[in-house]
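Numbering (my numbering), first residue to last: 5 to 271. The beta carbon of each residue, even a glycine, is placed where N, CA and C say it ideally should be. In this text, all values refer to a predicted model and were calculated from it rather than measured experimentally. Following: one structure in structure tokens, then a few remarks.
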Ligand SMILES: Nc1ncnc2c1ncn2[C@@H]1O[C@H](COP(=O)(O)OP(=O)(O)O)[C@@H](O)[C@H]1O
Ligand SMILES: Cc1ncsc1CCOP(=O)(O)O
Ligand SMILES: [Mg+2]
């Protein structure tokens, strides 16, 4: 898959990326959006979300610290985004850890056309109706083939599904792309999953092929992480290096380091 040129396009267009997201990693998501090349706006009030999203290039919905009222605001923003043809990224944080989270994620999928569902293995498996163990926001174990589950979720929802982990897998139900960039230190920083969704929002705002946008986001963020790990070996310094390397990243470095494999899924 050819993803060249998208980072430059992102930096030229500087799309506004509207987030309705959690209180834990909101600041990290704003910063990662900015250093990637987008413009972050975190706007949650039901009175303004429809208006705000009309100025945006993409909407990112993250249920990490959801309340029922916040989910109502997500539906308002998502419906307006759909009317305007804007991409919507859903991070179903902790789906299955409680029934409130799972029901909220399902409601969002029912009431909004979602472009990209991005979760860790357990979140995606549970959203697909499979069996998995999740402890808070942490994926512990999945029974069954997560690739099959992701592909069936993609076919059922017409969304691109991205499953993160040491290897990231992205599928539209027919094609499967594996991204093996990244570094294990990413799992030592709270919010790298949320940040991945923010970067996906950035790329989806400038690339209509949603599968390609999701892959470009994963490669870009994970290559920045590889570069960050050259100068740090512990979480706090790694996190600051990650922002710096994403800010410095260029197309040539992505081209040299990208590790993408594509195949068709047997249905
Ligand atoms: N062991 C690893 N090696 C390389 N990249 C990783 C590893 N663990 C996580 N990542 C990357 O970190 C980001 C967050 O993934 P993950 O930890 O699965 O999400 P979450 O934080 O939502 O559970 C993704 O971009 C993923 O590619
Ligand atoms: C710990 C935590 N609790 C609620 S949201 C959140 C952050 C989850 O971040 P990520 O999914 O990127 O690890
Ligand atoms: Mg997560």
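By how many angstroms is the C-alpha of residue 194 removed from the C-alpha of residue 187?
-> Distance between the alpha carbons of residue 187 and residue 194: 14 Å.
Those runs of the alpha helix (DSSP H) which lie wholly inside the region 34-94 and span at least 4 residues = Counting only runs of 4 or more, we get 53-57 and 72-88.
Quick one: measure Cβ to Cβ for residue 206 and residue 42, integer angstroms, because I've assumed they're closer than 8 Å.
-> That pair is a contact at about 4 Å.
Quick one, which of 216, 134 and 247 has its alpha-carbon nearest residue 230's?
-> Minimum Cα distance to residue 230 is reached at 247.
Could you tell me which residues DSSP pairs with residue 99 in its beta bridges?
-> In the DSSP assignment, residue 99 forms a beta bridge with 102.
Counting only the same chain and skipping the five closest in sequence on each side, list residues whose C-beta sits under 6 Å from that of residue 245.
-> Correct list, in chain order: 232, 235 and 236.
Test item: CB-CB of residue 53 and residue 77 under 8 Å | Contact: yes.
Where does residue 135 fall in DSSP's three states?
-> DSSP places residue 135 in the strand class (E or B) of the three-state scheme.
DSSP state of residue 268, grouped into three classes?
-> Residue 268 carries a strand assignment under DSSP once its states are collapsed to helix, strand and coil.
Simplified DSSP state of residue 123, which is helix, strand or coil | Of the three classes helix, strand and coil, the one that applies to residue 123 here is strand, per DSSP.
Check each candidate in 91, 132 and 125 and name the one with the smallest Cα separation from residue 214.
-> Residue 91 is the option with its Cα nearest to residue 214.
On the three-pair Cβ rule with 8 Å, is the region 101-108 touching the region 143-152?
-> Counting C-beta pairs closer than 8 Å gives fewer than three between the region 101-108 and the region 143-152, which falls short of the contact rule.
Touch test, the region 122-131 against the region 78-88, Cβ-Cβ under 8 Å, three pairs minimum | Taking 8 Å as the limit for Cβ pairs, the verdict is that the region 78-88 does not touch the region 122-131.
Endpoints, the alpha helix (DSSP H) within which residue 249 is located | Taken as a continuous stretch (DSSP letters only), the alpha helix (DSSP H) holding residue 249 covers 239-252.
How would you label residue 141, buried or exposed, when you count the other beta carbons within 10 angstroms and need 16 or more for buried?
-> It counts as buried.
Leaving out five residues before and five after residue 228 in sequence, what residues of the same chain have Cβ atoms less than 7 Å from its Cβ?
-> Listed in chain order, the non-local C-beta contacts of residue 228 below 7 Å within the same chain comprise 246, 249, 250 and 253, local neighbours out to five positions each way being set aside.
Any 3 or more C-beta pairs closer than 8 Å across the region 116-124 and the region 162-169 = With the rule of 3 Cβ pairs closer than 8 Å, the region 116-124 counts as touching the region 162-169.
Residues that residue 142 bridges to, as DSSP identifies them | Answer is 139, bridged to residue 142.
Nearest neighbour of residue 158, chosen from 183, 7 and 113 [CA to CA] | The residue with the shortest Cα to Cα distance from residue 158 is 113.
List the endpoints of the continuous beta strand (DSSP E) containing residue 165.
-> For residue 165, the uninterrupted beta strand (DSSP E) run begins and ends at 164-168, by DSSP.
With a CB to CB cut of under 7 Å and the five nearest residues on each side skipped, what residues in its chain are close to residue 176?
-> Result list for residue 176: 158, 164 and 215, in chain order.
Nearest to residue 49 (by Cα), restricted to the options 69, 28, 172 and 24 | In terms of Cα proximity to residue 49, the closest of 69, 28, 172 and 24 is 24.
Compute the minimum distance between the beta carbon of residue 145 and the heavy atoms of ligand 3, and state whether it is under 7 Å.
-> No, the Cβ of residue 145 stays beyond 7 Å of every heavy atom of ligand 3.
Measure the alpha-carbon distance for residue 153 versus residue 257 and round it to whole angstroms.
-> When the Cα atoms are used, residue 153 and residue 257 turn out to be separated by approximately 33 Å.
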